[in-house]
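In this note's numbering, the protein residues as written are 4 to 275.
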């Protein structure tokens, strides 16, 4: 009888170990990387191509934040040198893109060789020759999140300068691209959070604590980190019971009504 019990226990332990191993293998196989962000990046790329044709530029690119110090990196580019451009990092405040990013104001330069703020390192690294350039800030929620650049014209120089009408056209494209870039950056962060959460072996409360600490220092836009931090905090509260869920609903509805009143008040003030 004792031997039978031992056999059953051993079989149970072996079955549990097999189950655990299968779970670990399944979790390690989960890959959400780029599942949210990649379609958005493709949409930015497609829209950039349309923008370049509309503005009449030979090359174009979208630059986004690289860290939290004001640096920039290329997200996508309409260029034969896209692969080389994606490796380049622009230091904070450098170049026309850095100036547009920090000031939030567009710039059109007929000849970059006569512009003191032009950063020539990108040309040196790629073998490209920038002559004329139009740069427009990408803005969401009154914050600059990147730069839209149009470079040169089709054909050979000298190139005609970008016109005021083309600058207006570029600004309209920048509004659309900025929304996609903002969603793309949030998607990248959500993918990272999900990947970290699903592959941790901690309990739910420990996992949320780990995510909060990780979000404090992760290289991502502040507003996106704060949004996910709030999401984690709310998840922790509502998991405690129905009373807590009801409290959160009431609180969020109150905040929503308050912000709607403030928005309506501001609108009536500026449209008296």
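Each residue gets a CB set at the ideal place from its N, CA and C atoms; glycine is no exception.
For residue 110, the residue or residues it bridges with in DSSP: 138
Alpha-carbon to alpha-carbon, residue 165 and residue 137: 7 Å
Buried or exposed by the 16-neighbour rule on C-beta atoms within 10 Å, applied to residue 224: Counting Cβ neighbours within 10 Å, residue 224 comes out buried, since at least 16 surround it.
Cα-Cα separation between residue 148 and residue 72, rounded to whole angstroms: Each residue's alpha carbon lies about 12 Å from the other.
Closest Cα partner of residue 200 within the set 189, 191, 213: 213
Runs of alpha helix (DSSP H) lying entirely within the region 143-215, each at least 4 residues, in chain order: 167-201
Touch test, the region 155-172 against the region 103-120, Cβ-Cβ under 8 Å, three pairs minimum: yes
Alpha-carbon spacing of residue 78 relative to residue 92, whole angstroms: Near 11 Å, if we compare the C-alpha coordinates of residue 92 and residue 78.
Own chain, CB closer than 7 Å to residue 186, minus 5 neighbours either side, in chain order: 43
Beta-carbon proximity list for residue 257, same chain, < 8 Å, skipping 5 on both sides: Cβ within range, chain order: n/a, list empty.
Inter-residue Cα distance where the pair is residue 153 and residue 50: 13 Å
Three-way DSSP call (helix, strand, coil) for residue 63 in this model: strand
Anticipated Cβ contact below 8 Å, residue 133 with residue 151, distance rounded: With 8 Å as the limit, residue 133 and residue 151 do not qualify as a contact, their Cβ atoms being about 15 Å apart.
Limits of the unbroken alpha helix (DSSP H) element including residue 276: Residue 276 lies beyond the range of the chain shown here (4 to 275); nothing can be said about it.
According to DSSP, residues forming a beta bridge with residue 93: 75
Rounded straight-line distance, which links the Cα of residue 130 to that of residue 142: 30 Å
Test item: CB-CB of residue 75 and residue 101 under 8 Å: yes
Residue 155 beta carbon less than 8 Å from that of residue 62: yes
Range covered by the alpha helix (DSSP H) that runs through residue 238: 225-241
Inter-residue CB distance, residue 90 and residue 122 (contact presumed, cutoff 8 Å): That belief does not hold up - the Cβ atoms of residue 90 and residue 122 are roughly 15 Å apart, past 8 Å.
Same chain only: Cβ atoms within 8 Å of residue 228, ignoring 5 sequence neighbours per side: Within the same chain, residue 228 has close Cβ partners 192, 218, 219, 221.
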